[in-house]
Every structure is written in C-alpha cells, then in structure tokens.
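Each residue of the sequence shown is one higher than the one before, starting from 538 at the first, in this note's numbering.
Note that CB positions come from ideal geometry on N, CA and C, so glycine has one too.
Comments concern the structure below.
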Amino acid sequence: MSEKIVPIIMAGGKGTRLWPLSRSTAPKQFLQFLSNHSLFQKTLLRVSDPALYAPAIIVTNAEFRFIVAEQAQVVGMPLASILLEPVARNTAPALAAAAFVVVRDHGEDAIVQVLASDHEIEADEVYRDCIRLARDTAAAGWLVTFGITPTEPATGYGYIETGEALPGGARTVARFVEKPNRETAEALLETGNYLWNSGMFMLPVRPFLADLARFEPDVHASALAAVKTARRDLDFERLDEAAFSKAPDISVDYAVFERTALAAVVPSSFPWSDLGSWDSVWAVGRKDEAGNVVGQKVSVSDTRNSLVLSRDIHLAVHGLDDIAVIASEDAVYVGRLADSQNVGQIVKALARSETTRKLTEVHPTSYKPWGSVASVLSGDRFEVKRLSIAPGRKISLQKHFHRAEHWVVVKGTAEVTLGDETRLLNENESIYVPQGVTHRLTNPGKIPLELIEVQTGSYLSDDDTVRLDDEFGRL
538 MSEKIVPIIM AGGKGTRLWP LSRSTAPKQF LQFLSNHSLF QKTLLRVSDP
588 ALYAPAIIVT NAEFRFIVAE QAQVVGMPLA SILLEPVARN TAPALAAAAF
638 VVVRDHGEDA IVQVLASDHE IEADEVYRDC IRLARDTAAA GWLVTFGITP
688 TEPATGYGYI ETGEALPGGA RTVARFVEKP NRETAEALLE TGNYLWNSGM
738 FMLPVRPFLA DLARFEPDVH ASALAAVKTA RRDLDFERLD EAAFSKAPDI
788 SVDYAVFERT ALAAVVPSSF PWSDLGSWDS VWAVGRKDEA GNVVGQKVSV
838 SDTRNSLVLS RDIHLAVHGL DDIAVIASED AVYVGRLADS QNVGQIVKAL
888 ARSETTRKLT EVHPTSYKPW GSVASVLSGD RFEVKRLSIA PGRKISLQKH
938 FHRAEHWVVV KGTAEVTLGD ETRLLNENES IYVPQGVTHR LTNPGKIPLE
988 LIEVQTGSYL SDDDTVRLDD EFGRL
C-alpha cells in the first residue's frame, strides 16, 4: 500500500450561486473572496504536507486547465496530473477516472482523499485528527465520508444517519437523506444521530472500484477506457472523449455510497462551509464590531450584519441591516442576506434574456495561459482591454483580418514582434499594430507586464484571431 494519501481534487464545477462574482466561465473555486488565495488554492494548501500526501490529481474541464496550472504554480504546489473531462458526466465518472489514474501510478492498494475545490475549511487540529481517523478507517477497507456536526437545521445540505460505532471513533452509515425541508431538518437534529453530508471522502481504491463495477459497470468500463486511451497535452491529460461520453451521468453518492455495505462516516466538528450562497460567505467571514463582513473597496456606516464586497468600484453603504451588496465590474447584486439562496432565480432570469445572458456566462476578467485580460470599455467599432502577462510568458504569434490594435505599456517591459521586426517597449511607450500584420507580445522581465490595448475595426470578436505559433498548443 502507498504510505501517502493521494489527493483527488474535483475542480470542474461551473456554478453561479455566488453571482455576480462567479459566472459559468469563472466559477467560485478560482475566485478570491475573503483572502489572498482562491478556494482552489486553499484546497491545495490543505494537502501540501509531503509527509502525509502525495502530489494531487486535479479533475477539471479543458476550459479551466490553464487557471488550474497557474494557481497551483502561484502557491508552489506540484501536481501529479491535471485530468481534463471532455464532457460533463457528474462526480461518479470523474472520480472513477481519477481512481484509475491512481491505480496506474500508485497501485491498487492506495488510499485517496477526495476533496471539493470550493469549500471553506479551517484546517485546525480537529480537522487533522479527522483526516487521520478517516485514513485509518479507509485502510481497514471502509469507504469513508466526512459528516459535519450540524450547527443549524440547514436545508441546503444532505444528511447522514449514523449507525454502529467502529474502532477509533468512526461509525457505519445507516442511511443518506436528501436535502430536507425546514421541518424535517429540525426533526433530524432532535435525534442527535444525523450529520451534514460534506461530499468529501477517504477511499481505499480497490474496494471503491470493485463496488463501482458491481453497481455501475458502465461507469467503470467507460472511465477505465477513457484513461487507457487518454493523451498528453502539455502538462495536461485529456480523457478520451468517445469512451468517457458513454458513462452515465450519475453522482458518486447514487452510484456507490447509497448502495455499498462498506459506507462509514467520520463525525467532524471542524469549521466547514460549501459557500453555496452569500449568507454562508458572511457566516465564515471576519466581522467588524457591527457584524459586517466587508471588502477592501468598501465604506459602511450605520449598517449591521451585512456583507459588502466589491471587485473594482468603491461601494458606500449607509443605514441598512442584514443585506448583501456584491459588485463586480459589470453588475451589482443587492438583496436581503437571508434571501441570498435565491440568487439562482435571478441568474436564470438573466440567462433567458439575450441582452443579459452574457452577464451570467462571461466575466469581464478572463484568465489565459499567459496571464489575464480584462474588458475596460467597449463601443461601436472599438474595445479597450487591460492585459497582464506573467514573467517569461508570451501570447501566440497571431494576426487579425478585421481589426487593428494600439498597445500602451503601463508597467514592466514588453518585447514586441511586429512583422519581421522585434523591439522593446518600456513604461509609457506605445506601438500601433496594423490590421493584418503578424504580431506577438512577450514579457522578458521578472515582474508582470501590464498594457492597455485599444482595438479598432469592423469586427472585434476573438474568432478573428489567426494563430501562427503558440506554446500552449492552441493553433
């Protein structure tokens, strides 16, 4: 058996429950809410002890592959593999594919810890004790889930009824309960036998895959075939689309945990939240004397028990209690904090309208393999963007048939290829890129390169980009 736990981090979700900051192309796991690290980076740091953990396997989709690699690099975390799902097939096929990669690289006797990338967890000594107990219980052959000690009759979580005691403090699982209504949740808590279902697991690979083959043979076969015929792409591993697409769309809870005779639960009292709504963000945030959780670009007065966050503009809030005010670059949400679970209804309404659908899908700031680009201003036949290029990175060698570009360096040094010539641009210097001319930007320095790009022309969409050379394989 591998002595170290192999972490599997699920990072492919596209939720919009924390709109307007989270979008389908910029989900919450990659955003910074109340600290300098994203939730994904915090998850990586929880499995960073080399004495306990092997390098992590990340399961995500192709759209997020570069931000996964970039955020891992920022926190100095080497990754064993970044598995790319070709299509969304829920957690059972995704976890099965990762488990087969573990078998390939570590053997059938390995133990894996499955983590969501978008949970807020305080990794205190209680947490570490629960991890060790879960590892020992999994080593004895049990499929272990973590059950969070309830602090309220929450209706947003599933519940686990605990059964018989196991050595060390874990318990068997008597049954799983779907997300209840308020009355049912209160009745469950009164018994003292129920825990919140956290969606985190500690699994011995061999028994897990054996049960999966027994209960969902199509998931088992499709995942195995997708791994066997996967192909390498730079630092990524692309699961075979034809094989993976044959897997049924089913969660690991339904596929295995609700049917296995080996389900166990570790009662866990460490601070935990899935940050599924703005009121849960307020609950885990650092509060001022009036109970407010506020961001850096915020001023509040005569305001209590509120959440006020802004990504770009400065927010001033006066005379309001128990509210959430969340500002992105292009949208603002205002509502009662207690009603923030209903943000999804607003997002669905916005998505139905052609004029507002983009607000639910694309964030003004998007991440690229070389850095990031943010939309500043757009109008008829022009668009202004802010580009940030990481040290040593470069954009593809490209040209555009329908637009010209103007670049102004505001920070760092740019190496500009324009046609057959290459020159350096320093701060406050600019250059014009004519329509149809081959060009490239490179950051040769040791600090991020920041530029303002002004695009002008009859057609400004990205599909007017013709890449001639690209170090990230995007030709």
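Looking only at DSSP bridge pairs, what is GLY978 linked to?
Numbered from its first residue, the sequence shown carries residue 978 at position 441. In the sequence as displayed, the identity of residue 978 is Leu instead of Gly. Answer is VAL953, bridged to LEU978.
Within the chosen definition, does the region 666-678 reach the region 568-581 through at least 3 CB pairs nearer than 8 Å?
no
Using only the alpha-carbon positions, how far apart do ASN842 and ILE658 sit?
Counted from its first residue, the sequence shown places residue 842 at position 305. Counted from its first residue, the sequence shown places residue 658 at position 121. The alpha-carbon atoms of ASN842 and ILE658 are separated by roughly 22 Å.
Going by DSSP, what residues sit across from HIS943 in a beta bridge?
By one-based count along the sequence shown, residue 943 stands at place 406. Looking at the DSSP assignment, HIS943 forms a beta bridge with TYR969, VAL991.
In the structure shown, what three-state DSSP assignment does MET538 receive?
The count along the sequence shown starts at 1 and reaches residue 538 at position 1. Model confidence at MET538 stands at a pLDDT of 43, short of 50, so the residue's coordinates are unreliable and nothing is read from them.
Supposed close pair LEU844, TRP815 - CB separation, criterion 8 Å:
For the purposes of this step, residue 844 is identified with residue 307 of the sequence shown, where counting begins at 1. For the purposes of this step, residue 815 is identified with residue 278 of the sequence shown, where counting begins at 1. Correct: roughly 6 Å between the Cβ atoms.
C-beta contact flag for LEU787 and VAL651 at 7 Å
Walking along the sequence shown from the start, residue 787 turns up at place 250. Walking along the sequence shown from the start, residue 651 turns up at place 114. Checking the sequence, you will find Ile at residue 787 rather than Leu. Cβ atoms of ILE787 and VAL651: not closer than 7 Å.
Based on Cα-Cα distance, which residue from VAL953, GLY994, PRO971 lies nearest to LEU986?
Locating residue 986 in the sequence shown gives position 449, where the first residue counts as 1. The option with the nearest alpha carbon to LEU986 is VAL953.
What span of residues does the beta strand (DSSP E) with HIS855 cover, start to end?
The residue labelled residue 855 in the question sits at position 318 within the sequence shown. Segment 852-855, the beta strand (DSSP E) holding HIS855.
So VAL802 is in the beta strand (DSSP E); what residue range does that whole segment cover?
Against the sequence shown, residue 802 aligns to sequence position 265. Element bounds for VAL802: 800-805.
Distance check for VAL649 and MET538, CA to CA, integer angstroms please.
By one-based count along the sequence shown, residue 538 stands at place 1. By one-based count along the sequence shown, residue 649 stands at place 112. Below a pLDDT of 50, predicted positions are generally treated as unreliable, and MET538, at 43, falls in that range; the measurement from the model is reported next regardless. Distance between the alpha carbons of MET538 and VAL649: 11 Å.
Three-way DSSP call (helix, strand, coil) for PHE577 in this model
Reading the sequence shown from its first residue, position 40 is the one you call residue 577. Residue state, collapsed to three classes: helix.
Looking only at its chain, what residues have a beta carbon closer than 7 Å to the beta carbon of ASP1006, apart from the 5 residues adjacent to it on each side?
Sequence index remark: in the sequence shown, residue 1006 carries index 469 (1-based). Within the same chain, ASP1006 has close Cβ partners SER933, LEU934.
Return the bridge partner residues of GLN650 from the DSSP annotation.
Within the sequence shown, numbered from 1, the residue matching residue 650 stands at position 113. Partner(s): PRO544, MET739.
Short check: CB of ALA634 to CB of LEU776, under 7 Å?
In the sequence shown, residue 634 corresponds to position 97, counting from 1. In the sequence shown, residue 776 corresponds to position 239, counting from 1. Yes, the Cβ-Cβ distance between ALA634 and LEU776 is below 7 Å.
Count the other CB atoms within 10 Å of the CB of ARG960; is the residue buried (16 or more) or exposed (fewer)?
Here residue 960 corresponds to residue number 423 of the sequence shown, with the count starting at 1. The residue in question, ARG960, is exposed, as its Cβ has fewer than 16 Cβ neighbours within 10 Å.
Quick check on this structure: which residue in GLN972, ASN573, ARG930 has the alpha carbon closest to the alpha carbon of GLY982?
Here residue 982 refers to the residue found at position 445 of the sequence shown. With distances taken between Cα atoms, GLY982 lies closest to ARG930.
Within this structure, are the beta carbons of ARG923 and LEU997 separated by less than 7 Å?
If you number the sequence shown from 1, residue 923 lands on position 386. If you number the sequence shown from 1, residue 997 lands on position 460. Against a cut-off of 7 Å, the Cβ pair of LEU997 and ARG923 comes out as no contact.
Under 7 Å, do SER967 and VAL945 count as touching if we go by C-beta distance?
Counted from its first residue, the sequence shown places residue 967 at position 430. Counted from its first residue, the sequence shown places residue 945 at position 408. Closer than 7 Å, so yes.
Measuring straight from C-alpha to C-alpha, what distance separates TRP819 and VAL871?
Numbered from 1 along the sequence shown, position 282 holds the residue referred to as residue 819. Numbered from 1 along the sequence shown, position 334 holds the residue referred to as residue 871. Taking the straight line from one Cα to the other gives about 14 Å.
In three-state DSSP terms, what is ILE594?
The residue labelled residue 594 in the question sits at position 57 within the sequence shown. ILE594 falls in the strand class under three-state DSSP.
Between which two residues does the beta strand (DSSP E) containing LEU924 stretch?
As a position in the sequence shown, residue 924 is number 387, starting the count at 1. Where LEU924 is concerned, the enclosing beta strand (DSSP E) stretches over 919-926.
Cβ-based neighbour list, VAL710, same chain, cut-off 8 Å, excluding 5 preceding and 5 following
The sequence position of residue 710 within the sequence shown is 173, counting from 1. Only THR682, ILE697, GLU698, THR699, GLY700, PHE794, ALA800, ALA801, VAL802 meet the Cβ criterion.
For a test of the three-state rule: what should DSSP assign to THR559, helix, strand or coil?
Position 22 of the sequence shown, counting from 1, holds the residue named residue 559. Note that residue 559 corresponds to Ser in the displayed sequence, not to Thr. Note: SER559 maps to coil in three-state DSSP.
Taking 7 Å as the threshold (C-beta atoms), are TYR590 and ILE542 in contact?
Looking up residue 542 in the sequence shown gives position 5. Looking up residue 590 in the sequence shown gives position 53. For ILE542 and TYR590, yes; Cβs fall inside 7 Å.
ALA750 versus ALA707: straight-line alpha-carbon distance, rounded:
On the sequence shown, residue 750 is found 213 positions in, with the first residue counted as 1. On the sequence shown, residue 707 is found 170 positions in, with the first residue counted as 1. So the alpha carbons of these two residues sit roughly 26 Å apart.
Out of ARG641, VAL821, GLY729, VAL862, state which residue places its alpha-carbon closest to the alpha-carbon of VAL840.
The count along the sequence shown starts at 1 and reaches residue 840 at position 303. According to the sequence displayed, residue 840 carries Thr and not Val. Considering only alpha carbons, the answer is VAL862.
Relative to the C-alpha of ARG641, which residue among PHE938, ALA691, VAL742 is closest?
Within the sequence shown, the letter at position 104 stands for residue 641. Residue VAL742 is the option with its Cα nearest to ARG641.
In whole angstroms, what separates the C-alpha of GLU727 from that of SER817?
Reading the sequence shown from its first residue, position 190 is the one you call residue 727. Reading the sequence shown from its first residue, position 280 is the one you call residue 817. Distance between the alpha carbons of GLU727 and SER817 is about 23 Å.
Through-space distance from SER759 to ASP646, alpha-carbon basis:
The count along the sequence shown starts at 1 and reaches residue 646 at position 109. The count along the sequence shown starts at 1 and reaches residue 759 at position 222. Rounded to whole angstroms, ASP646 to SER759 spans 22 Å at the Cα level.
From what residue to what residue does the beta strand (DSSP E) around TYR996 run?
Position 459 of the sequence shown, counted from the first residue, corresponds to residue 996. TYR996 -> no beta strand (DSSP E), and no H or E assigned at all.
PHE577 versus ASN598: straight-line alpha-carbon distance, rounded:
Position 40 of the sequence shown, counting from 1, holds the residue named residue 577. Position 61 of the sequence shown, counting from 1, holds the residue named residue 598. The alpha-carbon atoms of PHE577 and ASN598 are separated by roughly 14 Å.
Measuring straight from C-alpha to C-alpha, what distance separates PRO1015 and LYS579?
Only positions 538 to 1012 of the chain appear in the structure, and residue 1015 is not among them; the question remains open.
Start-to-end residues for the beta strand (DSSP E) that takes in VAL845:
Indexing the sequence shown from 1 puts residue 845 at position 308. 844-847 is the extent of the beta strand (DSSP E) around VAL845.
Under 7 Å between C-beta atoms of GLY736 and LYS716:
Reading the sequence shown from its first residue, position 199 is the one you call residue 736. Reading the sequence shown from its first residue, position 179 is the one you call residue 716. No, the pair does not count as a contact, with Cβ atoms beyond the cut-off.
Check the DSSP bridge columns for ASP1006 and list the partner residues they point to.
Mapped onto the sequence shown, residue 1006 falls at position 469. ASP1006 pairs with LEU934.
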